[in-house]
Amino acid sequence: MSANSLPEGAAVWHSLEVDKALDLLDSNADSGLTSQDIQQRLQKYGLNELQEVAGRSTWEILLDQFKNIMLLMLIGVALISGFIDIWGLRNGTLKPGEVPFKDTIAILAIVILNGILGYVQESRAEKALAALKKLTSPLVRVMRDTRLAEIAAKDLVPGDVMLLEAGMQIAADGRLIEQSNLQIRESALTGEAQAVNKQATLKLPEETDLGDRINSVFQGTEVVQGRGKVLVTNTGMTTELGKIATMLQSVETEPTPLQRRMTQLGNVLVTGSLILVAIVVVGGIIKDQGFKNIQELLEISLSMAVAVVPEGLPAVITVTLALGTQRMVRQNALIRKLPAVETLGSVTTICSDKTGTLTQNKMVVQSVFTNNKTFRVTGEGYAPTGDFQLDGQKISLEEFPEISAMSVGCAVCNDSVLQKENGEWAILGDPTEGALVTLAGKAGIEKDQWNSKLPRVAEFPFSSERKRMSVISQVKEVATGEASPRGVDPAIASFIQSEPYLMFTKGSPELTLARCTQIHLGNHSAPLTEAQRQKILAENDQMASKGLRVLGFAYKPLTEILPEGSEETSEQGLVWLGLVGMLDAPRPEVKAAVQQCRDAGIRPIMITGDHQLTARAIATELGIAQEGDRVLIGQELQRMSDQELEQNVDLVNIYARVSPEHKLRIVKALQRRGRFVAMTGDGVNDAPALKQADIGIAMGITGTDVSKEASDMVLLDDNFATIVTATKEGRVVYTNIRRFIKYILGSNIGEVLTIAAAPLIGLGGVPLTPLQILWMNLVTDGLPALALAVEPPEPDVMQRPPFSPRESIFARGLGSYMIRIGIIFAIITIALMWWAYQHTHAPDYDRNRDTWKTMVFTTLCIAQMGHAIAIRSNNRLTIEMNPFSNIFVLAAVVVTTILQLMLVYVPPLRDFFGTHYLSLEELGVCIGFSALMFVWIESEKIFLRIMGKKAV
């Protein structure tokens, strides 16, 4: 067969017999490929590497920052201002002492700073693919030309015969040819922590889920134990890992709600400003009947353009988001991408993995069935403390010796170790066996002590064919202080008569029970009846239906140590002990967090690779789903079209046995339904869905580097409750952003209207220079805005549905507030401006007649201080609020007022900013007019309260 006739990777390898797969790839299990085959296939398939799609360059990202419409307008203003200064220098029309180009330099400096700020936020390189590449093994052992060879993993081709052994990282996807006790940890791909027992001889259905393909191996997974021989079927981008890389790179980054709103804000402000500029210029030309005052009209237009752009807003938003990240990291939520802070506040749906996020990632025994009784077991995690309950009542272990008897089996037939580290109980070994050691500890059976009472002398290890393991222990005499045969411990006194050895067996309940002929009842054994057998199987089904992982236990007294390899005949005639049902128990705090989600209008969804019964049990207990709710499994989802899935996503809260592609499709379907999705994940398989989600949330403890690099946020404690806390913080941040946007833009509108009014009411000159406006927008607006950014949350922040992520920045009254307050600002300032102009142009006024402009400048600045104090709450009066609940606002008001007065009374600053000295009377008039702004806003609150309305 030539290389060109080889399959393109479309073959469903797990559904083929080994011989058929070898035939399709024209390979030989013993000799491998020839050198000629390898060269042909390298040309056809390429190297076994993940390929990266080129993204935007550094320069492209930087240049994109200056495409913002507000920055473009400022660049235009700076250029025109520079041309006017050049014209003034040539014609000698600059005022004495005036520094040329200071406005141009100041404006361009702001533009550059805002560009750099945007670049720093956006330039973080995507490293998810680089992390993905680390999962591939550098070297691999293969059969080639009938010889064993060690080659670079990138040189693997389909048809190669690869050899596996414990500790290896698998370098390509393949179909098992043969295996011996092979266990592979596939958590990176499937998200499930337990190692998978592989079987080469099985032929599986085509629709078998990735996690259930036990006759196949996958790139990026790890051999835990055993060995195997594998036929390489897929390399490079056609492997399961490669498919994830393709999905990861195909996900397009969407702008966040805040970015969309800021774009909308810029468009509205610039459009409005240009319209107003056109009205003023055209009106001025008509009024003057010509272009004689065109320079003055241009200066007014420039001032208006600078006034309308909130130059300090990007910096204030960045600092606000940064402060939010600091508060979140104290709550164990690490934000990787700054806009994610605010985006969290818009989340409508949280798709959460089960293991470790909703659950403790610790197997905990919930139920024990022995001697025809079901006992409930209490306790959390691996701590060996808890009670045994029968019918809801705590029982005494002395009254039920069968519990202690079975607990001995749990402790002895076990390879894990329970130990205390830094005050926390932890397990060394398999989590399932850890749960059994903990159960034994709750029954007073300590594994360390029983290792000396029943030292292990032989064992039959677990195998995937037998689905059980057995341990043979020597019975040692101990000083019990009680009458018992040969002085053995009372817990096992009824197990033996004179036999020197005991064999304990644990494993699949059905297969272990099938090998039992007797049953242990309290303190003696009796023949196992068919009725008892059916009762045990029914209880096993009952436990499994609750999502429990069930193990069966048995024992057998022995007169001698059984020979190695005799397990098939030796594991017969067992005495049945009972069933143990365990579960990766829910985190205790998650149920309250799920309810908090519901109260906040957020829908929690469970998406897991685990079995549907387990998923349903956990989801029902936590309140994510109700009894009888539908569980959508991966195979059903696979058969659905995108349209069918979209129709079902609002009806399903539990998804089980899902693959990476499924997670991505679920997120996309929810987004098409208008949902704003947060998605959790820890494995490599989760990375595409994390990147597609509006908020990707990786696990900090169990998460892979790939998932962390693809995420927006990392949970440092892997806890679902932390997501809810972070969502609350996101809502607070968005509320505060809206608050200071109202604050900043209300005054900006007032500035623009004041500047526009000056020529229209016949006042000479521009009341505010671009430099003074920059001062107001950066300092007078900026400092109080930063203080408003740390305003504490409203009490009901998590008692309302999330605001639509697609709502306009002007929604819920913000636009009307800005216009209304801007007009009031303008009316107050224009009234002051009219009075000040008349005052400074009176015949007996002996100082600079442009002093009226400084009075306008000062009034606008100080009025903003009253605005900052009043806007802290939309509904409560200032006198009703604790002034020290946000001490930063008071500090910002005091500092900004002092800085403003320095511009008026410190000569060097006065010269640079073009202000004039104000008398105490003039300053008093400015403060009096400024106070009217505070009075107006407080009066609005009183009016709304009387009318029974609530401001938003």
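For the sequence shown, my numbering begins at 6 and goes up steadily by one. Glycine included, every Cβ here is placed at the ideal spot set by N, Cα and C.
Item, Value
"For E304, which residues of its own chain have a beta-carbon under 6 Å away from its beta-carbon, when the five flanking residues on both sides are left out?", "V771"
"Just to confirm before moving on: does the CB-CB distance between Y822 and E347 stay below 8 Å?", "no"
"Three-state secondary structure (DSSP) at Q371?", "strand"
"Is the region 181 to 195 touching the region 222 to 233, taking contact as three or more C-beta pairs under 8 Å?", "yes"
"What would DSSP say about G701, mapped onto helix, strand or coil?", "strand"
"Mind checking which residues open and close the alpha helix (DSSP H) that includes E407?", "P406 to V417"
"Straight-line CA distance for E5 to A674?", "Only positions 6 to 957 of the chain appear in the structure, and residue 5 is not among them; the question remains open."
"Within the continuous beta strand (DSSP E) that includes T522, where are the two ends?", "C521 to L526"
"With distances taken between CB atoms, is the gap from T727 to I607 smaller than 8 Å?", "no"
"Just to confirm the assignment, what range does the alpha helix (DSSP H) spanning P775 have?", "P775 to W780"
"Which of helix, strand or coil does DSSP assign to G953?", "coil"
"Within the continuous beta strand (DSSP E) that includes H19, where are the two ends?", "Counting along the chain, H19 falls outside any beta strand (DSSP E), and DSSP gives it neither H nor E."
"How is the alpha helix (DSSP H) around R603 delimited, first residue to last?", "V595 to D604"
"Using DSSP's beta-bridge definition, name the partner residues of H529.", "L526"
"May I have a chain-ordered list of the alpha helix (DSSP H) segments no shorter than 4 residues that lie completely inside the region 55 to 102?", "63 to 70 and 74 to 96"
"In terms of residue numbering, what span does the alpha helix (DSSP H) encompassing M907 cover?", "I892 to Y910"
"Taking the straight line between their C-alpha atoms, what separation do you get for V657 and A715?", "26 Å"
"Kindly indicate the opening and closing residues of the beta strand (DSSP E) around K472.", "Per DSSP, K472 belongs to no beta strand (DSSP E) and is neither H nor E."
"Specify, as a first and last residue, the run of the alpha helix (DSSP H) that E734 falls within.", "F725 to L765"
"DSSP state of N653, grouped into three classes?", "helix"
"Going by DSSP, what residues sit across from F917 in a beta bridge?", "Per DSSP, none; premise fails for F917."
"For the alpha helix (DSSP H) containing V321, list its first residue and its last residue.", "L318 to R335"
"Per DSSP, what kind of secondary structure is R554 in: helix, strand or coil?", "strand"
"Label A488 either buried or exposed according to how many other C-beta atoms from any shown protein chain fall within 10 Å of its C-beta, with 16 as the threshold for buried.", "The pLDDT assigned to A488 is 43, lower than 50, so where the model puts this residue is not dependable; a value taken from the coordinates is nonetheless given after this. It is exposed - the Cβ of A488 has fewer than 16 other Cβ atoms within 10 Å."
"Taking the alpha helix (DSSP H) that V286 belongs to, which residues open and close that run?", "P262 to D293"
"For the region 345 to 370, which segments carrying the alpha helix (DSSP H) assignment without a break, of at least 4 residues, lie completely within its bounds, in sequence order?", "345 to 348"
"Helix, strand or coil for Q424, going by three-state DSSP, please let me know.", "strand"
"Determine, using beta-carbon pairs with one atom in the region 470 to 478 and one in the region 495 to 502, whether at least three such pairs fall under 8 Å.", "no"
"By the three-class DSSP mapping on this structure, what secondary structure does R1003 have?", "Lying before the first or after the last residue shown, residue 1003 is absent from the chain, which here runs from 6 to 957."
"On the three-state DSSP scale, how would you describe Q577?", "coil"
"Could you give the distance in angstroms between the alpha-carbon of T330 and the alpha-carbon of M838?", "43 Å"
"Buried or exposed, going by whether 16 or more other CB atoms sit within 10 Å of the CB of W92?", "exposed"
"I think A794 touches V324, with their Cβ atoms under 8 Å apart; what is that distance to the nearest whole Å?", "7 Å"
"Which residues in the same chain as N891 place their Cβ atom closer than 7 Å to its Cβ, once the five residues preceding and following it in sequence are excluded?", "A792, V795, E796, P797 and R877"
"Out of Q48, D687, E65 and D165, state which residue places its alpha-carbon closest to the alpha-carbon of L29.", "D165"
"Which residue comes first and which comes last in the beta strand (DSSP E) that contains D634?", "It is not in any beta strand (DSSP E) - D634 carries neither H nor E in the DSSP assignment."
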